[in-house]
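>
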Amino acid sequence: MSHDLTRRGFLRTAGAAACAAWALGGCSGGATGEALKFRARPHPNAEAWKGRLGLAQGGDDPARNVRAAVEKLCGPDGAKTFIKPGDIVVVKPNIGWAQVPEMAATVDPAVIATVVRMCLEAGAKAVKVFDNTIGSGSKCYEFSGIEKAAREAGATVEQCAPHRFKMVALADPLVKRLREWPLYEEALAADIFINVAVAKTHNASLVSLCMKNLMGIQGGDRGKMHQEIHQNLADLNCVIRPTLNILDATRVMAREGPGGGRKEFVAPARTIVCGTSAVTVDAWGADPAHLPWMQGHHTLAEVKHITLGAAAGLGVADPAKIEVVA
Amino acid sequence: MAKRSKPKHPLHVARIVVQLLFLGLFLVLLVLTARGTFVAAHPRLARLFLDTDPLVLAGMALAGVFTSGLLAALVIVVLSLVAPRAYCGWICPLGTSMDVVDRLLFRNRDRSKNITPRLRQVKYGLLAALLVLAIFGLGVFGWFDPVCIMTRSVGVALYPMADQSAKTALVAAEEHGIGGAGSAYDWGVANRLLLLETDLKKGGPGRGFGVGYEWAWVFTALFLAILLVQAYQRRFWCRNLCPLGALMGLLGSVSPLRPRVSAKCISCDACRKGCKTGAFQHVEHKKRFASLVQECVFCYACERNFCPVDAIHIGAGHANPIRPQPHVCPGRRALLGAAATGALLGPAFILDQRTRAKEETNPQFRPPGALRPDDEFLAACIRCGECMKVCPTNALHPSGVENGLAGLWTPAFVYNIGNCDYYCGVTKADVDAGQMDKPANLCGTVCPTGAIAKLAHIEKTKWKIGTAAFDHSRCLPWARGEECLTCEEQCPLPEKAISHQSQTVANNEWLKMPQDKRNRFDELAARQAKGETLSADEQKELAAMPPKTRTLAQPYVLRDRCIGCGTCENVCPIDGPGGIRVERLQTREIK
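Residue numbers (my numbering), protein chains in the order written: chain A, 1 to 326; chain B, 327 to 917.
1. Using 8 Å as the Cβ pair cut-off and three pairs as the minimum, do the segment 156-176 of chain A and the segment 262-270 of chain A touch?
2. Since residue 511 (chain B) meets chain A, which of its residues come closer than 7 Å, beta carbon to beta carbon?
3. Evaluate contact between the segment 704-711 of chain B and the segment 460-473 of chain B, counting only Cβ atoms and requiring at least three cross-stretch pairs below 8 Å.
4. At a cut of 8 Å, does the segment 132-145 of chain A reach the segment 190-199 of chain A through at least three beta carbon pairs?
5. Residue 245 (chain A) CB to nearest chain B CB: under 8 Å?
6. Along chain A, in chain order, which residues have C-beta atoms closer than 7 Å to that of residue 497 (chain B)?
7. Would residue 545 (chain B) and residue 435 (chain B) qualify as a contact pair, given that the criterion is a beta-carbon distance under 8 Å?
8. Helix, strand or coil, according to DSSP, for residue 624 (chain B) in the structure here?
9. Suppose contacts are defined by Cβ-Cβ distances below 8 Å. Is residue 70 (chain A) in contact with residue 93 (chain A) by that definition?
10. Output the residue ranges of the beta strand (DSSP E) runs that lie fully inside the segment 78-143 of chain A and measure 3 residues or longer, sorted by chain position.
11. Provide the residue span of the beta strand (DSSP E) that contains residue 166 (chain A), from first to last.
12. Quick check on this structure: which residue in B:841, B:483, B:516 has the alpha carbon closest to the alpha carbon of residue 541 (chain B)?
13. Spell out whether any CB of chain B is found under 8 Å from the CB atom of residue 100 (chain A).
14. Considering just the uninterrupted stretch of the beta strand (DSSP E) at residue 331 (chain A), what are its terminal residues?
15. Check the C-beta distance from residue 455 (chain B) over to residue 667 (chain B) and give it rounded, since I have them as a contact under 8 Å.
16. Could you tell me which chain B residues have their CB closer than 7 Å to the CB of residue 226 (chain A), listed as they occur along the chain?
17. Run through DSSP, which three-state label would residue 15 (chain A) get?
18. What residues in its chain sit with their C-beta under 7 Å from that of residue 614 (chain B), if we drop five residues either side in the sequence?
19. Mark residue 357 (chain B) as exposed unless 16 or more other C-beta atoms lie within 10 angstroms of its C-beta, in which case mark it buried.
20. Do you know how far the Cα of residue 571 (chain B) is from the Cα of residue 202 (chain A)?
21. Name, please, each residue of chain B whose Cβ falls closer than 8 Å to the Cβ of residue 142 (chain A).
22. Give the secondary structure of residue 226 (chain A) by DSSP, where H, G and I count as helix, E and B as strand, and everything else as coil.
23. Anything in chain B within Cβ reach of residue 186 (chain A), meaning under 8 Å, just list it in chain order.
24. In whole angstroms, give me the CA-to-CA distance for residue 360 (chain B) and residue 714 (chain B).
25. Note down, in chain order, every chain B residue with its Cβ under 9 Å from the Cβ of residue 302 (chain A).
26. For chain A, check one thing: does any of its Cβ atoms lie closer than 8 Å to the Cβ of residue 526 (chain B)?
27. For residue 798 (chain B), collect the residues of the same chain with a Cβ closer than 7 Å to its Cβ; drop the 5 residues on either side in sequence, then sort them by chain order.
28. Quick test of the definition: if touching needs 3 or more C-beta pairs under 8 Å, does the segment 574-583 of chain B touch the segment 404-413 of chain B?
29. Would you call residue 10 (chain A) buried or exposed, if buried means 16 or more other Cβ atoms sit within 10 Å of its Cβ?
30. Identify every run of the alpha helix (DSSP H) within the segment 667-701 of chain B, keeping only runs that are complete inside it and at least 4 residues long; order them along the chain.
31. Step through the CB atoms of chain A and report whether any lies within less than 8 Å of the CB of residue 757 (chain B).
32. Within the same chain, show all residues whose beta-carbon is closer than 7 Å to that of residue 308 (chain A), passing over the 5 residues directly before and after it, in chain order.
33. Can you tell me the Cα-Cα spacing of residue 327 (chain A) and residue 365 (chain B), whole angstroms?
34. Thinking residue 725 (chain B) and residue 734 (chain B) are a contact (beta carbons under 8 Å), I'd like their distance in whole angstroms, please.
35. Looking only at its own chain, which residues have a Cβ that is under 6 Å from the Cβ of residue 834 (chain B), when we skip the five neighbours before and after it?
36. CB residue 872 (chain B) to CB residue 259 (chain A), shorter than 8 Å?
Next up, the structure:
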């Protein structure tokens, strides 16, 4: 029977099989609207610490400030209070723009490197660093200095791949407007999610802090987020609740955000603040009393996504009720 | 075909090795050209094959365009003077591609009857017409130049196709849980072997296919046609159509180096049937054979492997040469006719293009640094596609005939697909070192003819390609009363060319209310305005109704700042034509 397998016959069978496999693959893909599952554990004290922040200011070493802020929040054990040995950690910095760190369009690389080291020291199995950038991925990763610094600290740094965004339904009773969106699988699958934002102004949402930074796990046409951006951001934050939120205000882009591109737009602030609620961190950071925003740029009350987030119970927007551990 | 009883001539073996090396080099360089860092560091290497193309040199000289890079083509000119079409047999990547396909598909095909001596004169006519067109300021010889064909076909069509297939396979493997597929994908992206970047901006389901070009299917089809027409005749293109081959054949007509058939010839026809470019021809009433120096590509197959009586020797000697040498070039009358055709087509193309340019409704946006006015660009551009290949955002695409036939396959922006990258060709090291004076438009860096000038970052970011303008019937804040400002957010200029102002506009929620509710709102509001105290229920009712107006930020273009990079058009969240589009406004500077 061996002569039955002719070359032509084999090619024909193989071709048909390939076509069938292709067709099946095509049928199985593209399904939308699976309910979102954000796997990352909240901080053990997340509920109790909704209004609590860790703050470190001053000096010229953002790395020291990160450690200090996390220790102020969590106690001397720092990241060990929420990372278990063997955890897969995602650190999501703002790498959105092809700008050097001095422009404050992206998180300071030293901050990211320190966060990565803290996670590894706490026993994390792997730390992944990525952001769905606005400009060219490789340029943003290079210009921000984050790719190099995070790799040296021991993290895996890959660019986001379009096929790893999965359309998910944001099926949460708190969500008002944003019904479904493609989100990055690896962000949803991590054990621990650490959200690291840089403090910037923003032409549409007034400020771009921790809540806005979560847009970096969104795929799709994010320009469409800009219609009712405050509600959309609050909705996104209802379903994505990071284990820890860190605001890097080593430098603040005080105006012309979020792209910037000139040192005149940047004001030094030498501040790192962190908390378990992105809303609370942002409420502190957006407050003109705390960071050197351009005179008259905004008031805290005007930043609707923060007040909407607080109204949904995600955090505390009332400055009087925020407990700052410094 | 002759039986290969004898071992190959050493130069025959060497030729095959050299051919494969050059094809490999060509492909490697083309793949590396996808990396901006490679192009910035080795611009001459990136455009090596085009820089050394004598047809490009000749065409540019006739068009009055001079670039020093093209002088490298003199090396090939000298080679052609000595060994006329050795380039075709040893170096030309298109020729080697043909040989590879011939070997794979048509090896045992008898094509010995398909000898068409008159057809091969076409290439001289084509050369004459194209060079005359070059004098008219039309670099359209690039449509036919083999290096341009190869660059376009591989760079703009085949590489993206291969990339696409590789990514599809890797993604499928990853989704079926095959180990290593995901990391192979990441490695490919990180090393820029997979072309991905342009999609990340709008990445997500339904996108993510990477780089693709308009018109690419035409390049694929033409390339396949050139390879497969060999079923009729080996090296059909080289024998009959190639203008570069014609030019080099003519250059080398005087060379003494050629296959020489001695008096030992027994007129067996083996060489005429075997030669891949048909370089042998009967002479003396079919008693003997002689070679056509303008056709021989020095493949070294004839000397050992065709001739049964060792009557052929490739050399410069004078061992019993057969005279007169047969002519292959068409007569003076035919050449003049071809040139005259070119001379007629030239004004036709130019008039067509200028008429279209007058129309101005379908403007083309050239890469930054492109020669102006467009007539000069059309003269210098050889339609090779290198700029499109290297463009990091996949923004440059080959034009169709929208702006005249002469513009076919010249580069133009399609902003809906990509935008001109603000930091093109610049690395972090350059920024840190403050070295912003080196060429920062990769399209200009690879352009072999200077049709796109090299611009430093500071020049490129001031080069006005066009000017963005809002379409108030589409832009969300203007047309629909919805929030947006995505364009302003992403305008890459430090002094943004888009600004906004808050205005009072109709509230969509109010507009959605039926008339009776609107009347009720008016009534309650009027009573309240009169100082009447509303009941608690009425107050609640009024508060639940949306106000008539709202404040909304509406964007404006600051025309003098805008450089027409198209980022705004690219990121506009409206599906279909953007609510902001680059237009021709103010592209012509007033001096």
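By construction, the Cβ of each residue, glycine as well, lies at the ideal position given by its N, Cα and C atoms.
In brief:
1. no
2. For the purposes of this step, residue 511 (chain B) is identified with residue 185 of the second sequence, where counting begins at 1. Near residue 511 (chain B) (Cβ distances below 7 Å), the residues of chain A are 161.
3. yes
4. no
5. The sequence position of residue 245 (chain A) within the first sequence is 245, counting from 1. Closer than 8 Å: no.
6. For this step, residue 497 (chain B) is matched to residue 171 along the second sequence. Residues of chain A passing the Cβ test: 163.
7. Residue mapping note: residue 545 (chain B) aligns to position 219 of the second sequence, counting from 1. Residue mapping note: residue 435 (chain B) aligns to position 109 of the second sequence, counting from 1. No; because the gap between Cβ atoms is not below 8 Å, this pair is not in contact.
8. Locating residue 624 (chain B) in the second sequence gives position 298, counting from the first residue. It is coil, neither helix nor strand.
9. Working through the first sequence from its first residue, we reach residue 70 (chain A) at position 70. Working through the first sequence from its first residue, we reach residue 93 (chain A) at position 93. Result no, Cβ atoms of residue 70 (chain A) and residue 93 (chain A) do not sit closer than 8 Å.
10. 88-93, 126-129
11. On the first sequence, residue 166 (chain A) is found 166 positions in, with the first residue counted as 1. Where residue 166 (chain A) is concerned, the enclosing beta strand (DSSP E) stretches over 165-169.
12. To locate residue 541 (chain B), count along the second sequence from 1; it is residue 215. If we check each option's Cα against that of residue 541 (chain B), B:483 comes out closest.
13. As a position in the first sequence, residue 100 (chain A) is number 100, starting the count at 1. Yes, residue 100 (chain A) lies at the interface with chain B (some Cβ there is under 8 Å from its Cβ).
14. Within the shown structure, residues of chain A are numbered from 1 to 326, placing residue 331 (chain A) beyond reach of any answer.
15. Residue numbering aside, residue 455 (chain B) sits at position 129 when the second sequence is read from its first letter. Residue numbering aside, residue 667 (chain B) sits at position 341 when the second sequence is read from its first letter. Contact holds; Cβ gap of about 5 Å.
16. Within the first sequence, the letter at position 226 stands for residue 226 (chain A). The contacting residues are 809, 810, 811, 812, 899.
17. By one-based count along the first sequence, residue 15 (chain A) stands at place 15. It is helical.
18. As a working note, residue 614 (chain B) is residue 288 in the second sequence. Excluding sequence neighbours, residue 614 (chain B) sits near 587, 591, 593, 648.
19. The sequence position of residue 357 (chain B) within the second sequence is 31, counting from 1. Answer is buried; the Cβ neighbour count reaches 16.
20. Counted from its first residue, the first sequence places residue 202 (chain A) at position 202. Counted from its first residue, the second sequence places residue 571 (chain B) at position 245. Using only the alpha carbons, I get a separation of about 59 Å.
21. Taking the first residue of the first sequence as position 1, residue 142 (chain A) is located at position 142. Under the 8 Å cutoff, chain B gives 753, 754.
22. What you label residue 226 (chain A) is simply residue 226 of the first sequence in a count that begins at 1. Helix, per DSSP.
23. Counted from its first residue, the first sequence places residue 186 (chain A) at position 186. Residues of chain B passing the Cβ test: none, with the nearest at roughly 10 Å.
24. Start at 1 with the first residue of the second sequence, and residue 360 (chain B) comes out as number 34. Start at 1 with the first residue of the second sequence, and residue 714 (chain B) comes out as number 388. Going by the C-alpha atoms only, they are around 10 Å apart.
25. Stepping through the first sequence from its first residue, residue 302 (chain A) is reached at position 302. Correct list: empty, because the minimum Cβ distance to chain B is about 12 Å.
26. By one-based count along the second sequence, residue 526 (chain B) stands at place 200. Bear in mind that the predicted position of residue 526 (chain B) carries a pLDDT of just 46, short of 50, making it unreliable; the figure below should be weighed with that in mind. By this cut-off, residue 526 (chain B) is an interface position.
27. The residue labelled residue 798 (chain B) in the question sits at position 472 within the second sequence. The answer, listed in chain order, is 804, 805.
28. yes
29. Residue mapping note: residue 10 (chain A) aligns to position 10 of the first sequence, counting from 1. By the 10 Å Cβ count, residue 10 (chain A) comes out exposed.
30. none
31. Looking up residue 757 (chain B) in the second sequence gives position 431. Yes - at least one Cβ of chain A is within 8 Å of the one on residue 757 (chain B).
32. Here residue 308 (chain A) is taken as the residue at index 308 of the first sequence, counted from 1. Excluding residues within five positions, the ones whose Cβ falls inside 7 Å are 230, 231, 234.
33. There is simply no residue 327 (chain A) to check, as chain A begins at 1 and stops at 326 in what is shown.
34. The residue labelled residue 725 (chain B) in the question sits at position 399 within the second sequence. The residue labelled residue 734 (chain B) in the question sits at position 408 within the second sequence. Their Cβ separation, rounded to whole angstroms, is 7 Å, which keeps residue 725 (chain B) and residue 734 (chain B) in contact under 8 Å.
35. The residue labelled residue 834 (chain B) in the question sits at position 508 within the second sequence. Once the five neighbours on either side are set aside, the close Cβ partners of residue 834 (chain B) are 807.
36. Taking the first residue of the second sequence as 1, we reach residue 872 (chain B) at position 546. Taking the first residue of the first sequence as 1, we reach residue 259 (chain A) at position 259. Contact flag unset, no.
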